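J.: Supplied in structure tokens, the structure appears directly below.
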Amino acid sequence: MEKEKRHWPIGIFDSGIGGLTVAQAITNLLPDERIIYFGDTAHLPYGDKSTAAIQAYSIKICDLLLKQQCKVILIACNSASAAAYELVKEYVGSKARVLNVIDPIVAYIGKTYPHKTIGLIGTKQTVNSNVYRKKVDALGLGIELKSHATPLLAAMIEEGFFNDTISESVIHTYLSDPDLQGIEALILGCTHYPLIKKQIENYYQGTVDVLDASMIVAQQVKDYLEQNGLASDKLTGDHHFYVSDFTRSFEESTRIFFQRQVHLEHYPLWE
Numbered sequence: 006m007e008k009e010k011r012h013w014p015i016g017i018f019d020s021g022i023g024g025l026t027v028a029q030a031i032t033n034l035l036p037d038e039r040i041i042y043f044g045d046t047a048h049l050p051y052g053d054k055s056t057a058a059i060q061a062y063s064i065k066i067c068d069l070l071l072k073q074q075c076k077v078i079l080i081a082c083n084s085a086s087a088a089a090y091e092l093v094k095e096y097v098g099s100k101a102r103v104l105n106v107i108d109p110i111v112a113y114i115g116k117t118y119p120h121k122t123i124g125l126i127g128t129k130q131t132v133n134s135n136v137y138r139k140k141v142d143a144l145g146l147g148i149e150l151k152s153h154a155t156p157l158l159a160a161m162i163e164e165g166f167f168n169d170t171i172s173e174s175v176i177h178t179y180l181s182d183p184d185l186q187g188i189e190a191l192i193l194g195c196t197h198y199p200l201i202k203k204q205i206e207n208y209y210q211g212t213v214d215v216l217d218a219s220m221i222v223a224q225q226v227k228d229y230l231e232q233n234g235l236a237s238d239k240l241t242g243d244h245h246f247y248v249s250d251f252t253r254s255f256e257e258s259t260r261i262f263f264q265r266q267v268h269l270e271h272y273p274l275w276e
């Protein structure tokens, strides 16, 4: 039985395609693991949804991932990690291990930046939930967190606006906000943001460390699987990508994120 469970897939879900940055990092680090990805494109972005709505979506998606026998369910969305992690963990119980994208970052910051001032950008849901601030304060390491909601960024990236003058001026406007002055590192608190990491680094010109969650989260998944004897030793099938609302542009964006051809399957969760 245990041997079989090692070959069960890793379930990853997000409001859209942002979580593919995390899926990509996981397949790079763990090439033997099979991924089942669910993008709730019918409801994106989660960043401006209520907590109750995000919780309802998350539970429904977890049902699908549990049916697919996922050994781990990773909430690859900061808004859903903030709103639904505790509830999902309770709901899933012992059937699978639930991980989120916030805790690995908080742990990393605790190790790397004690007594420093750190910035955070993310959706309104992520920033207003104060989840990062609470967790960082709980470390008791004298870290000051300065956060700023950047609601245009996720939509802009979904629409393919990055590495151009439009995104350039939006990014500059957000980063020059007084809220973010005097920081030594910046948490990219949304899984879309790695796609504009270069532009953000250019803005700071080496004065601020820009933290890409996808690598840090992938490492946590690897550690968890190894510590619990759940790491797969061979790829036992193809990755699966589900979306709750299918569009052609989404398929194209998926290719940009995942850097390979993917087959998207429409799974109308809401009908």
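Read left to right, the sequence shown gives residues 6 to 276 (our numbering).
Backbone N, C-alpha and C define an ideal beta-carbon position, used for all residues, glycine too.
Keep in mind the model is a prediction, meaning the values are calculated, not measured.
#1: Can you grab the Cα-Cα spacing for the pair isoleucine 221 / tyrosine 113, in whole Å?
#2: Tell me which residue opens and which closes the beta strand (DSSP E) that glycine 124 is part of.
#3: Taking C-beta to C-beta, are serine 86 and isoleucine 64 nearer than 8 Å?
#4: For glycine 44, report the span of its beta strand (DSSP E) as first-last.
#5: Can you give me the start and stop residues for the alpha helix (DSSP H) that asparagine 83 sits inside?
#6: According to DSSP, which residues form a beta bridge with aspartate 19?
#7: So for tyrosine 118, helix, strand or coil by DSSP?
#8: Looking only at its own chain, which residues have a Cβ that is under 6 Å from the Cβ of histidine 12, when we skip the five neighbours before and after it?
#9: Counting only the same chain and skipping the five closest in sequence on each side, list residues whose C-beta sits under 8 Å from that of proline 156.
#10: Between phenylalanine 262 and the rest of its own chain, which residues show a CB-CB distance below 7 Å, the 5 nearest in sequence each way excluded?
#11: Is the number of C-beta pairs between the segment 182-194 and the segment 204-216 that are closer than 8 Å three or more?
#12: Pick from Pro36, Gly16, His48, Ile15: whose alpha carbon is nearest that of leucine 274?
#13: Would a C-beta distance cut-off of 8 Å place glutamine 60 and alanine 101 closer than the cut-off?
#14: Compare the Cα-Cα distances from glutamate 91 to each of Leu71, Thr56, Lys121, Lys76 and report the closest residue.
#15: Under a Cβ-count criterion, where at least 16 other Cβ atoms within 10 Å of its own Cβ denotes burial, should glutamate 38 be classed as buried or exposed?
#16: Distance, Cα to Cα, phenylalanine 18 vs tyrosine 96?
#17: Output the distance between the C-alpha atoms of tyrosine 137 and histidine 245, rounded to the nearest integer angstrom.
#18: If we ignore side chains and look at the alpha-carbon of each, how far apart do serine 174 and serine 99 end up?
#19: Buried or exposed: aspartate 45, going by 16 or more other Cβ atoms within 10 Å of its Cβ?
#20: Give, in chain order, every unbroken run of the beta strand (DSSP E) that is at least 3 residues long and sits entirely within the segment 207-272.
#21: With a Cβ-Cβ cutoff of 8 Å, do valine 177 and tyrosine 208 count as a contact?
#22: Output needed for glutamine 73: all residues of its chain with C-beta closer than 8 Å, excluding positions within five of it in sequence on either side, in chain order.
#23: Residues bridged to isoleucine 78 by DSSP?
#24: Between the segment 160-175 and the segment 133-149, do three or more beta carbon pairs fall short of 8 Å?
#25: Residues in its own chain within less than 8 Å of lysine 239 by CB, not counting five upstream and five downstream?
#26: Under the rule that 16 or more other beta-carbon atoms within 10 Å means buried, what is lysine 10, buried or exposed?
T.: In short:
#1: If you take the alpha carbons of isoleucine 221 and tyrosine 113, they lie about 8 Å apart.
#2: Segment 122-127, the beta strand (DSSP E) holding glycine 124.
#3: Note that the C-beta distance between serine 86 and isoleucine 64 is not below 8 Å.
#4: Run containing glycine 44: 40-44, per the beta strand (DSSP E) assignment.
#5: Its alpha helix (DSSP H) spans residues 83-97.
#6: According to DSSP, which records beta bridges pairwise, aspartate 19 is partnered with Gly44.
#7: In the structure shown, tyrosine 118 sits in coil (DSSP, three-state: anything other than H, G, I, E or B).
#8: Excluding sequence neighbours, histidine 12 sits near Ser237, Thr241.
#9: Counting only Cβ-Cβ distances below 8 Å, and skipping sequence neighbours, we find Gly52, Asp53, Thr128, Lys129.
#10: For phenylalanine 262, where only same-chain residues beyond five positions count, the Cβ hits under 7 Å are Ile22, Leu25, Thr26, Gln29.
#11: Short answer: they touch.
#12: Comparing Cα positions, the closest option is His48.
#13: No, Cβ-Cβ distance for glutamine 60 and alanine 101 is not below 8 Å.
#14: The residue with the shortest Cα to Cα distance from glutamate 91 is Thr56.
#15: The residue in question, glutamate 38, is buried, as its Cβ has 16 or more Cβ neighbours within 10 Å.
#16: C-alpha separation (whole angstroms): 16 Å.
#17: A direct Cα-to-Cα measurement between tyrosine 137 and histidine 245 gives close to 31 Å.
#18: Those two C-alpha atoms are separated by around 47 Å.
#19: Classification for aspartate 45: buried.
#20: The segment 207-272 contains these whole beta strand (DSSP E) runs: 214-216, 245-248, 269-271.
#21: The amino acid occupying residue 177 in the given sequence is histidine; valine does not appear at that position. At the C-beta level, histidine 177 and tyrosine 208 come within 8 Å of one another.
#22: Excluding sequence neighbours, glutamine 73 sits near Pro14, Gly16, Ile41, His245.
#23: In DSSP, isoleucine 78 forms a bridge with Gly16, Val103.
#24: The answer is no - the segment 133-149 does not touch the segment 160-175, with fewer than three Cβ pairs under 8 Å.
#25: When the five nearest sequence neighbours on each side are left out, the beta carbons in the same chain lying within less than 8 Å of the beta carbon of lysine 239 are those of His12, Asp37, in order along the chain.
#26: Looking at its Cβ environment, which holds fewer than 16 other Cβ atoms inside 10 Å, lysine 10 is exposed.
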